[in-house]
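First residue of the sequence shown: -6, per our numbering; consecutive thereafter. Here a beta-carbon is modelled for each residue, glycine too, at the ideal position from N, C-alpha and C. Have a look at the structure below, then the notes.
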Amino acid sequence: MGMKGKVALGAVVGIVVIGAVSANSGDDGSDSTSSDKGSSASAQAKTGGEKETAKAAEEKKVAFEGDGDFQVGSDIKPGTYRTTGNDDGMCYWERAKDSSGEMDSLLANDNVTGASYVTVKASDKLFKSSDCNDWEAVDTKAKGSPAAKMAGDGGMFRVGADIAPGTYKSTGNEDDMCYWERAKDAEHGLDSIIANDNVTGSAVVTISASDAYFKTSGCTDWKKTG
């Protein structure tokens, strides 16, 4: 247990659990050169300040690193977190009820390509992350600019923030490798799944406004059709 890339639970890519299986000198004589320099210096200072502010904001977003074991309550707080830009399929995370490392301690886990959201509960004892990009805290009540399309291998999207609800279509999927999942939360338990499927050929799914997340892996890109 704890091996990178090992996924032990049923709510994972490629396994269908629910439904049908297929899961910027004036005129007053002032020195214009000096004025220009002052203006330039002011602009540079402003730009520099903006960069520092942006940098600080970016650093503040990071809740914890993508590698390590974190004790819930002391190392990290309960809440929902997101990792993005994982492009090699090696990102692995795990929620555990203790630090024994045994299979029975596992609450939920996943291998990630693209993005993933995970809700760490107060009752969890340990959160493990391996080869993932840094995790940032997520305000699940905040609204975003939801898109009408998404990468078919983009991972996990928050409905109403990352993507808009509606009907989406993905075509040209081969070898039954396209997996999609509608979820009511980011706990990643079997009870989190509203519906899912493995698809060959065209896939059509309606994402409800009441859904919390949509997960996609191994699919061609999705486009909103309705």
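Item to check | For Ser116 and Phe57, the rounded distance between their alpha carbons | outcome: Roughly 19 Å between the two C-alpha positions.
Item to check | For Thr209, the first and last residue of its enclosing beta strand (DSSP E) | outcome: Tyr206 to Ser210
Checklist entry - Between which two residues does the beta strand (DSSP E) harbouring Val243 extend? => result The shown model of the chain, from -6 to 219, leaves out residue 243, and the question about it has no answer.
Checklist entry - Measuring CB to CB, does Phe63 end up less than 7 Å from Phe150? => result no
Item to check | 6 Å Cβ shell around Met143 - same chain, five flanking residues per side excluded | outcome: Phe150, Ile156 and Trp215
Checklist entry - What's the gap between the Cα of Ala130 and the Cα of Lys118? => result 18 Å
Next on the checklist: Could you compute how far the alpha carbon of Trp173 sits from the alpha carbon of Ser210?
Outcome noted: Trp173 and Ser210: Cα-Cα distance of roughly 7 Å.
Checklist entry - Using a Cβ-Cβ cut-off of 8 Å (strictly less than) and excluding sequence neighbours within five positions of Ser195, which residues of its own chain qualify? => result Lys162, Ser163, Thr164, Gly165 and Asn166
Next on the checklist: DSSP three-state label for Asp117, please.
Outcome noted: coil
Item to check | Residue closest to Lys90, alpha-carbon to alpha-carbon, out of Tyr110, Lys114, Met83 and Ser67 | outcome: Comparing C-alpha distances from Lys90 to each of Tyr110, Lys114, Met83 and Ser67 shows the shortest one belongs to Lys114.
Item to check | DSSP three-state assignment for Ser195, whether helix, strand or coil | outcome: Ser195 carries a strand assignment under DSSP once its states are collapsed to helix, strand and coil.
Item to check | Pairwise C-alpha distance: Asp169 and Ala49 | outcome: The predicted model places Ala49 with a pLDDT of 44, which falls under 50 and marks its position as unreliable; any figure quoted below should be read in that light. For Ala49 and Asp169, the distance between alpha carbons rounds to 44 Å.
Item to check | When Ala135, Thr193 and Val152 are compared against Ile200, the one with the closest alpha-carbon | outcome: Distance check between Ile200 and each of Ala135, Thr193 and Val152 places Val152 closest, using alpha-carbon atoms only.
Item to check | Same chain only: Cβ atoms within 8 Å of Thr213, ignoring 5 sequence neighbours per side | outcome: Gly145, Ser163, Thr164, Gly165, Asn166 and Cys171
Checklist entry - For the beta strand (DSSP E) that Lys162 lies in, which residues bound it at each end? => result Gly159 to Ala176 is the extent of the beta strand (DSSP E) around Lys162.
Checklist entry - What is the DSSP secondary structure of Ser123, counted as helix, strand or coil? => result strand
Checklist entry - By how many angstroms is the C-alpha of Arg88 removed from the C-alpha of Ser67? => result 15 Å
Checklist entry - Cβ atoms of Ser109 and Thr76: under 7 Å apart, would you say? => result yes
Next on the checklist: Just to confirm before moving on: does the CB-CB distance between Gly148 and Thr106 stay below 7 Å?
Outcome noted: yes
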